[in-house]
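Asks: Protein chains in written order, with the numbering used here: chain A, 1 to 91; chain B, 101 to 191. Have a look at this one.
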């Protein structure tokens, strides 16, 4: 169900909040909010704003953390590890 | 069991990794790793380094997210919200 996944990156929090609300309003029961590296704290901001300000019936079903491999910016250098988070929201 | 809590802030990841390892080596079965705001992604880095590089028998028991109130830096201004995370590690 990749259409119900919101990848949180460097844009303002409200962009991702709106994405979540739009998906829930289209009838979805579950959304996966994912982020890596420094965007992780923004992903939690997104989830907290969705739940506390807009959709109080939304619950955090699960939170998973892990490590992804990322190709480094510099050419020829090895893969680097980056922490990741996946938060499943359920309505 | 506040002596088994590691608060992750702005220091290097390895400082907190060492704190976790020291607590586990002292015989603790559970550690709570907490962080707020932009330190959240560092807290996940800490947990991943502990598990993957040093103590592979350590498991993530639970991950909780929430919102804390924080007094703003500017005097006289209202409380601001800050996202928080608590990761319970179990050996």
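Every residue gets a Cβ at the ideal spot worked out from N, C-alpha and C, and that includes glycine.
Residues of chain B with CB closer than 7 Å to the CB of residue 68 of chain A, please, in chain order.
Replies: Numbered from 1 along the first chain, position 68 holds the residue referred to as residue 68 of chain A. Ordered by position in chain B, no residue passes the 7 Å Cβ test against residue 68 of chain A, which lies about 10 Å from the chain.
Asks: Are the C-beta atoms of residue 101 of chain B and some chain A residue less than 7 Å apart?
Replies: Locating residue 101 of chain B in the second chain gives position 1, where the first residue counts as 1. Unreliable placement is indicated for residue 101 of chain B, whose pLDDT of 49 sits below 50; no coordinate value is reported for it.
Asks: Quick one, are the C-beta atoms of residue 50 of chain A and residue 17 of chain A less than 7 Å apart?
Replies: Position 50 of the first chain holds residue 50 of chain A. Position 17 of the first chain holds residue 17 of chain A. Yes, they are a contact pair.
Asks: Just checking: is the beta-carbon of residue 38 of chain A within a distance shorter than 7 Å of some beta-carbon in chain B?
Replies: If you number the first chain from 1, residue 38 of chain A lands on position 38. It does; some Cβ of chain B falls within 7 Å.
Asks: Based on Cα-Cα distance, which residue from B:104, B:111 and B:127 lies nearest to residue 139 of chain B?
Replies: Position 39 of the second chain, counting from 1, holds the residue named residue 139 of chain B. It is B:111.
Asks: At the level of alpha carbons, what is the spacing between residue 189 of chain B and residue 180 of chain B?
Replies: The residue you call residue 189 of chain B lines up with position 89 of the second chain. The residue you call residue 180 of chain B lines up with position 80 of the second chain. Answer to the nearest angstrom: the Cα atoms are 29 Å apart.
Asks: Under a three-way DSSP split, which group does residue 43 of chain A fall into?
Replies: Position 43 of the first chain, counted from the start, is the residue given in the question as residue 43 of chain A. In the structure shown, residue 43 of chain A sits in a helix (DSSP, three-state: H, G or I).
Asks: Under 6 Å from any heavy atom of the ligand MG, does the C-beta of residue 47 of chain A make it?
Replies: Although the ligand MG was asked about, the structure shown includes no ligands whatsoever.
Asks: Would residue 53 of chain A be called buried (16 or more neighbouring beta carbons within 10 Å of its own) or exposed?
Replies: Position 53 of the first chain, counted from the start, is the residue given in the question as residue 53 of chain A. Exposed, by the Cβ-count rule.
Asks: Please determine, among B:182, B:165 and B:114, the residue with the shortest C-alpha to C-alpha distance to residue 172 of chain B.
Replies: In the second chain, residue 172 of chain B corresponds to position 72, counting from 1. Minimum Cα distance to residue 172 of chain B is reached at B:182.
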